[in-house]
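Top line first, the protein sequences correspond to chains R and Y.
Residue numbering for the first sequence follows the working numbering, beginning at 2 and increasing consecutively.
Residue numbering for the second sequence follows the working numbering, beginning at 155 and increasing consecutively.
Virtual Cβ for every residue (Gly too), placed ideally from N, Cα, C.
This structure is a prediction, so every number in the text was calculated from the model and none was measured.
Notes to accompany the following structure.
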Amino acid sequence: MSLISAEHICVRHGATEVLHDVTMRVEPSEIVTILGPNGSGKSTLLRALLGIVPVTHGRVERQKGLRIGYVPQRLAVDRTMPLTAARFLSLPHRVAPAEAQAALARVGVPEVMARPMAGLSGGQFQRVMLARALLSRPDILILDEPTQGLDQIGESGFYRLIADVRRDTGVAVLMVSHDLHVVMAASDRVICLNGHICCEGAPRVVSNAPEYRALFGLGTQGALALYQHAHDHDHSHDHAQGHDHGHGQAAVAGHKDHARAE
Amino acid sequence: MATAKRRLPVTRITPVLSDFLVRAALAGIGLAAAAGPLGSFVVWRRMAYFGDATAHAAILGVALSLATNLPIGVGTLAVALVMAATVSTLAAKGWAMDTTLGVLAHSALALGLVAVSFLPSVRVDLQAYLFGDILAVSRQDLVFIWGGAALVLALLVWRWQPLLTATLNEDLAHASGVNPNRERLILTLALALTVAVAIKVVGALLIAAMLIIPAAAARGVTRSPEAMAVVAVVIGIAATLGGLALSLTEDTPAGPSIVAVAAVIFALSAFVGQMRRS
Numbered sequence: 002m003s004l005i006s007a008e009h010i011c012v013r014h015g016a017t018e019v020l021h022d023v024t025m026r027v028e029p030s031e032i033v034t035i036l037g038p039n040g041s042g043k044s045t046l047l048r049a050l051l052g053i054v055p056v057t058h059g060r061v062e063r064q065k066g067l068r069i070g071y072v073p074q075r076l077a078v079d080r081t082m083p084l085t086a087a088r089f090l091s092l093p094h095r096v097a098p099a100e101a102q103a104a105l106a107r108v109g110v111p112e113v114m115a116r117p118m119a120g121l122s123g124g125q126f127q128r129v130m131l132a133r134a135l136l137s138r139p140d141i142l143i144l145d146e147p148t149q150g151l152d153q154i155g156e157s158g159f160y161r162l163i164a165d166v167r168r169d170t171g172v173a174v175l176m177v178s179h180d181l182h183v184v185m186a187a188s189d190r191v192i193c194l195n196g197h198i199c200c201e202g203a204p205r206v207v208s209n210a211p212e213y214r215a216l217f218g219l220g221t222q223g224a225l226a227l228y229q230h231a232h233d234h235d236h237s238h239d240h241a242q243g244h245d246h247g248h249g250q251a252a253v254a255g256h257k258d259h260a261r262a263e
Numbered sequence: 155m156a157t158a159k160r161r162l163p164v165t166r167i168t169p170v171l172s173d174f175l176v177r178a179a180l181a182g183i184g185l186a187a188a189a190g191p192l193g194s195f196v197v198w199r200r201m202a203y204f205g206d207a208t209a210h211a212a213i214l215g216v217a218l219s220l221a222t223n224l225p226i227g228v229g230t231l232a233v234a235l236v237m238a239a240t241v242s243t244l245a246a247k248g249w250a251m252d253t254t255l256g257v258l259a260h261s262a263l264a265l266g267l268v269a270v271s272f273l274p275s276v277r278v279d280l281q282a283y284l285f286g287d288i289l290a291v292s293r294q295d296l297v298f299i300w301g302g303a304a305l306v307l308a309l310l311v312w313r314w315q316p317l318l319t320a321t322l323n324e325d326l327a328h329a330s331g332v333n334p335n336r337e338r339l340i341l342t343l344a345l346a347l348t349v350a351v352a353i354k355v356v357g358a359l360l361i362a363a364m365l366i367i368p369a370a371a372a373r374g375v376t377r378s379p380e381a382m383a384v385v386a387v388v389i390g391i392a393a394t395l396g397g398l399a400l401s402l403t404e405d406t407p408a409g410p411s412i413v414a415v416a417a418v419i420f421a422l423s424a425f426v427g428q429m430r431r432s
């Protein structure tokens with residue numbers, strides 16, 4: 002059974018439909034990345050899956066008793082709140098200092114334990130957030146643009162860490178990114194989103210898909226393609242039929258790959 | 155001066171707590187105990203103006219209580235609750251908070267003042283409600299203040315972890331199984347209770363000061379949320395005792411004196427914090 006799934010969901014913010022007829026699921030131990038330009042509804046999709054925003058159509062299902070480790074896109078620790086990394090890890094469930102220290106060591110920042118959150122670098126901050134998410138022993142990690150504000154080295158290091166954590170714990174990962182090439186190595190499956198699902202599958206397949214190239218303005222059309230995509234949704238309609246089918250296949254394939262890897 | 159008249163009870167000293175100064179100090183300590191942790195949340199969540207609006211609405215509550223012969227505590231609590239709930243609802247709907255609170259806070263205060271003016275003047279000492287009347291705290295008032303403060307403290311201690319989580323990030327709270335709306339409601343309730351308790355001590359105009367100044371002063375010298383809340387209580391108590399002493403020796407109004415002492419402590423703490431950093 003899928004850990005978490007969305008069946009034909011639509012989400013509205015006021016008059017605009019942010020997500021239209023999105024169907025997706027995440028299987029145990031797979032890493033799924035959602036790709037899409039700004040405003041394509043990536044965060045909204047995550048928030049709908051988490052049950053934070055209501056869906057106007059379709060339904061979201063989470064496995065009973067599913068433990069979710071969530072890393073939000075932005076967490077501003079107000080300077081008015083004194084909060085060390087150790088204290089942050091104990092929210093909302095208290096953890097023993099040894100356990101907190103081990104979690105920080107696991108994500109590669111053992112030295113920040115007693116440091117105030119507001120004084121951490123971007124990379125350290127993201128790793129502490131990941132450590133906190135891992136402390137709940139999640140079945141699935143949900144990460145919303147976890148490498149925002151990191152440089153390229155920080156970014157690839159973070160995704161390597163995610164891949165390691167999955168290898169060690171078997172946790173499933175659902176994350177949002179804007180750059181396929183960085184997440185390619187760490188993802189089993191990629192979903193291209195722009196209000197609806199444009200295409201999905203293994204990273205290599207997606208990177209060659211015309212929908213993906215159109216969405217990110219790769220290939221001969223150059224940067225203009227992004228603009229065109231936003232105003233020309235034709236491809237999505239003739240793609241819609243093939244989509245469910247493709248999804249099922251990709252999910253199964255991803256799952257098999259993983260089984261073999263173990 | 156009204157304050158001078160209120161010192162009369164000193165002449166009929168009977169058992170413990172009959173001394174008006176002891177009662178005043180106990181009232182202030184009760185308020186500080188609730189205002190420290192609650193004020194910390196007000197500071198963290200940037201709800202200062204929200205506290206103001208709720209406190210100012212209390213004057214309307216006073217007017218309504220006097221008009222209907224209900225106990226003042228009940229009227230202020232009810233109106234403070236309505237105000238706090240209104241503001242929370244509007245905030246959730248995405249109204250521009252700055253303006254909304256500005257409108258609500260001062261309208262409530264003005265409406266309250268107008269309403270009070272309709273009441274027979276003999277019964278109303280408006281100044282007591284605007285600036286507090288801590289030197290005239292009765293034993294019954296003490297029971298109300300300590301009961302209210304204990305309730306606020308119990309609420310905050312009970313919900314401490316979820317409250318902190320929701321304060322940090324609502325989505326994060328949601329994903330951890332904490333309902334941020336529920337936590338906001340609890341803070342709203344605690345705030346209304348504190349306002350009802352504090353009106354006798356520092357008055358409607360200075361309640362927000364008792365929430366914010368001790369917590370803000372505690373920020374500079376603490377490293378954890380818990381320490382900040384506890385130190386805020388200590389600072390609140392020190393301000394109460396210092397303010398009462400000032401009022402006694404210099405014959406200044408008690409409520410404003412307490413807030414003035416708190417402000418001095420804040421300035422000292424900011425100075426110490428600055429020294430440490432450099």
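Spatial distance of residue i from residue j (CA atoms)
{"i": "T45 (chain R)", "j": "L51 (chain R)", "result": "10 angstroms"}
{"i": "V257 (chain Y)", "j": "A381 (chain Y)", "result": "35 angstroms"}
{"i": "A224 (chain R)", "j": "P211 (chain R)", "result": "Confidence in A224 (chain R) is poor, its pLDDT being 44 and thus under 50, which makes the residue's placement too unreliable to answer from."}
{"i": "L121 (chain R)", "j": "A352 (chain Y)", "result": "39 angstroms"}
{"i": "R338 (chain Y)", "j": "L180 (chain Y)", "result": "29 angstroms"}
{"i": "R75 (chain R)", "j": "L265 (chain Y)", "result": "41 angstroms"}
{"i": "D233 (chain R)", "j": "G196 (chain R)", "result": "Only weak support is given to the placement of D233 (chain R): the predicted model assigns it a pLDDT of 41, under 50, and the value that follows is read from those uncertain coordinates. Straight-line Cα distance between these residues: approximately 13 angstroms."}
{"i": "A215 (chain R)", "j": "E8 (chain R)", "result": "25 angstroms"}
{"i": "C199 (chain R)", "j": "L67 (chain R)", "result": "28 angstroms"}
{"i": "L347 (chain Y)", "j": "A188 (chain Y)", "result": "10 angstroms"}
{"i": "T342 (chain Y)", "j": "A238 (chain Y)", "result": "6 angstroms"}
{"i": "I192 (chain R)", "j": "V108 (chain R)", "result": "26 angstroms"}
{"i": "F126 (chain R)", "j": "D169 (chain R)", "result": "22 angstroms"}
{"i": "V413 (chain Y)", "j": "A358 (chain Y)", "result": "13 angstroms"}
{"i": "L47 (chain R)", "j": "G229 (chain Y)", "result": "45 angstroms"}
{"i": "L90 (chain R)", "j": "V23 (chain R)", "result": "34 angstroms"}
{"i": "G301 (chain Y)", "j": "M429 (chain Y)", "result": "40 angstroms"}
{"i": "Q229 (chain R)", "j": "N209 (chain R)", "result": "Because Q229 (chain R) carries a pLDDT of 40, less than 50, the predicted location of this residue cannot be relied on, and the following value inherits that uncertainty. Roughly 18 angstroms separates the two Cα atoms."}
{"i": "G37 (chain R)", "j": "I391 (chain Y)", "result": "55 angstroms"}
{"i": "G193 (chain Y)", "j": "H179 (chain R)", "result": "40 angstroms"}
{"i": "A262 (chain R)", "j": "G171 (chain R)", "result": "Note on A262 (chain R): pLDDT 37, under 50, position unreliable in the model; no value is reported."}
{"i": "V207 (chain R)", "j": "E201 (chain R)", "result": "6 angstroms"}
{"i": "V355 (chain Y)", "j": "G374 (chain Y)", "result": "26 angstroms"}
Residue i vs residue j beta-carbon contact at 7 angstroms
{"i": "G184 (chain Y)", "j": "I366 (chain Y)", "result": "no"}
{"i": "V12 (chain R)", "j": "V61 (chain R)", "result": "no"}
{"i": "L284 (chain Y)", "j": "A178 (chain Y)", "result": "no"}
{"i": "L267 (chain Y)", "j": "A207 (chain Y)", "result": "no"}
{"i": "M251 (chain Y)", "j": "A259 (chain Y)", "result": "no"}
{"i": "L190 (chain Y)", "j": "P334 (chain Y)", "result": "First, the residue type needs correcting, since residue 190 (chain Y) is Gly and not Leu in the sequence shown. Cβ distance not < 7 angstroms, so G190 (chain Y) and P334 (chain Y) don't count as in contact."}
{"i": "A217 (chain Y)", "j": "V270 (chain Y)", "result": "yes"}
{"i": "I10 (chain R)", "j": "G59 (chain R)", "result": "yes"}
{"i": "G397 (chain Y)", "j": "V415 (chain Y)", "result": "yes"}
{"i": "R431 (chain Y)", "j": "P83 (chain R)", "result": "no"}
{"i": "G150 (chain R)", "j": "G123 (chain R)", "result": "yes"}
{"i": "R128 (chain R)", "j": "V110 (chain R)", "result": "yes"}
{"i": "L231 (chain Y)", "j": "A350 (chain Y)", "result": "yes"}
{"i": "I141 (chain R)", "j": "I69 (chain R)", "result": "yes"}
Chain R residues whose Cβ lies nearer than 8 angstroms to that of residue i
{"i": "W198 (chain Y)", "result": "D79, T81 and M82"}
{"i": "S378 (chain Y)", "result": "P83, L84, T85 and R88"}
{"i": "M382 (chain Y)", "result": "M82 and P83"}
Under 9 angstroms by beta carbon: chain Y residues contacting residue i
{"i": "I53 (chain R)", "result": "E324, D325, H328 and A329"}
{"i": "Y71 (chain R)", "result": "D325, L326, H328, A329 and S330"}
Partner residues on chain R for residue i, Cβ-Cβ distance less than 7 angstroms
{"i": "L318 (chain Y)", "result": "L92"}
{"i": "R373 (chain Y)", "result": "T81 and P83"}
{"i": "M201 (chain Y)", "result": "Correct list: empty, because the minimum Cβ distance to chain R is about 11 angstroms."}
8 angstroms Cβ cut-off: residues of chain Y touching residue i
{"i": "R48 (chain R)", "result": "D325"}
Contact set between residue i and chain Y, taken where Cβ atoms lie within less than 7 angstroms
{"i": "L76 (chain R)", "result": "L322, N323 and L326"}
Problem - Near-chain R residues of the region 226–245 of chain Y - C-beta to any C-beta below 7 angstroms - result: For the region 226–245 of chain Y, which is checked against every Cβ of chain R, not one residue is closer than 7 angstroms.
Handout entry: Against chain R: residues of the region 323–351 of chain Y by CB proximity under 9 angstroms
Key = Cβ contacts with chain R: N323, E324, D325, L326, A327, H328, A329, S330, G331 and V332.
Exercise for the section: Please name the residues in the region 289–317 of chain Y whose beta-carbon is closer than 8 angstroms to at least one beta-carbon of chain R, in chain order. Expected result: Within the region 289–317 of chain Y, the qualifying residues are Q315 and P316.
Practice task
Select from the region 166–184 of chain R all residues with a C-beta closer than 8 angstroms to any C-beta belonging to chain Y, and list them in chain order.
Solution key: Within the region 166–184 of chain R, no residue has a Cβ that lies closer than 8 angstroms to any Cβ of chain Y.
Problem - In chain order, each beta strand (DSSP E) run of at least 3 residues that lies wholly inside the region 13–100 of chain R - result: Counting only runs that start and end inside the region 13–100 of chain R, the beta strand (DSSP E) elements of at least 3 residues fall at 17–27, 32–36, 58–63 and 69–72.
Practice task
Kindly provide the ranges of any alpha helix (DSSP H) runs that are 4 or more residues long and lie completely inside the region 142–174 of chain R, ordered along the chain.
Solution key: For the region 142–174 of chain R, whole alpha helix (DSSP H) runs of length 4 or above, ordered along the chain, are 153–170.
Exercise for the section: Please go through the region 188–213 of chain Y and give each complete beta strand (DSSP E) segment of 3 or more residues, from N-terminal end onward. Expected result: DSSP runs (the beta strand (DSSP E)) wholly in the region 188–213 of chain Y: none.
Exercise for the section: Give, in chain order, every unbroken run of the alpha helix (DSSP H) that is at least 4 residues long and sits entirely within the region 342–379 of chain Y. Expected result: Taking only runs of at least 4 residues, the alpha helix (DSSP H) segments lying wholly in the region 342–379 of chain Y are 361–373.
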